[in-house]
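A short worksheet on the structure shown next.
Residue numbers (this note's numbering), protein chains in the order written: chain A, 1380 to 1493; chain B, 2 to 114.
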């Protein structure tokens, strides 16, 4: 299995809703990432998990809450989002030696906040 | 800090034309270099990579050579197809930044039949 699987593919939520994005990989990668991407812009790093521990939080607002239940799963819990949070949310994973191997990205969850 | 600069798009080409997308980088240490491609409505796919100077990455007819002397990693393809229409991102990781993936701004390619 060489894929990163993200669900759901599309999500529409109101500003008072609580929802979660899910990401799964079975490549044995020990680093997992959440990115936010606006149309035709490069992805922006949000969070990094290394060996199931949060290692980087790029000053992301607390309305985004990541969770890594085990080495294969990564969640992003969403609460009280704003319309400007509408974007494509990408999950990625890499081996520990991530400098040389590159990242594997999922196909993303397209989020619309209304 | 480390950075990547790509030629601005959009780039519009006719089918079978030659493609070059320029990419230059600034990095301390010895970065690994990547090209990612994003087709409409999809996530990013690793297109090719090079981990040391003079390495050539290649995939699906695309090539890029790691040039340390010019700090460049230009993407080339000899004959583009309509199916190559996508956004292309040049990126690097540097060990002294914990392997963080740093992207260029992306170049949108549109290939017309």
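The beta-carbon is built from N, C-alpha and C at its ideal position, and this holds for glycine as well.
If you're wondering where the values come from, they're calculated on a predicted model, not measured in any experiment.
Please list, in chain order, the chain D residues whose beta carbon lies closer than 8 Å to that of residue 1424 of chain A.
Judged by its chain identifiers, the structure shown contains no chain D, and its protein chains are A and B.
Between residue 17 of chain B and chain A, is there a C-beta pair that is closer than 7 Å?
no
Expected contact under 8 Å - CB spacing of residue 1385 of chain A and residue 1398 of chain A to nearest Å
Contact doesn't hold; Cβ gap of about 13 Å is too wide.
Residues of chain A with a CB under 8 Å from the CB of residue 82 of chain B: which are they?
Ordered by position in chain A, no residue passes the 8 Å Cβ test against residue 82 of chain B, which lies about 21 Å from the chain.
For the beta strand (DSSP E) containing residue 35 of chain B, name the first residue and the last one.
33-39
When the distance is taken between beta carbons, is residue 112 of chain B closer than 7 Å to residue 14 of chain B?
yes
At a Cβ threshold of 7 Å, is residue 49 of chain B touching chain A?
no
Say whether chain B places a C-beta atom closer than 7 Å to the C-beta of residue 1393 of chain A.
no
Taking the DSSP output, what are the residues bridged to residue 1415 of chain A?
A:1423, A:1468
Going by DSSP, what residue range makes up the beta strand (DSSP E) through residue 89 of chain B?
87-94
CB contact below 7 Å: residue 70 of chain B versus chain A
no
May I ask which residues mark the beginning and end of the beta strand (DSSP E) holding residue 1399 of chain A?
1397-1404
Neighbour list for residue 74 of chain B in chain A, Cβ cutoff strictly below 8 Å:
Correct list: empty, because the minimum Cβ distance to chain A is about 13 Å.
From residue 1394 of chain A to residue 1490 of chain A, what distance separates their C-alpha atoms?
12 Å
Taking the alpha-carbon positions, what's the residue 114 of chain B to residue 20 of chain B distance?
15 Å
Could you check which residue in A:1408, A:1403, A:1415, A:1447 has the C-alpha nearest to that of residue 1463 of chain A?
A:1415
For residue 1468 of chain A and residue 1448 of chain A, I'd like the C-alpha separation in whole angstroms.
19 Å
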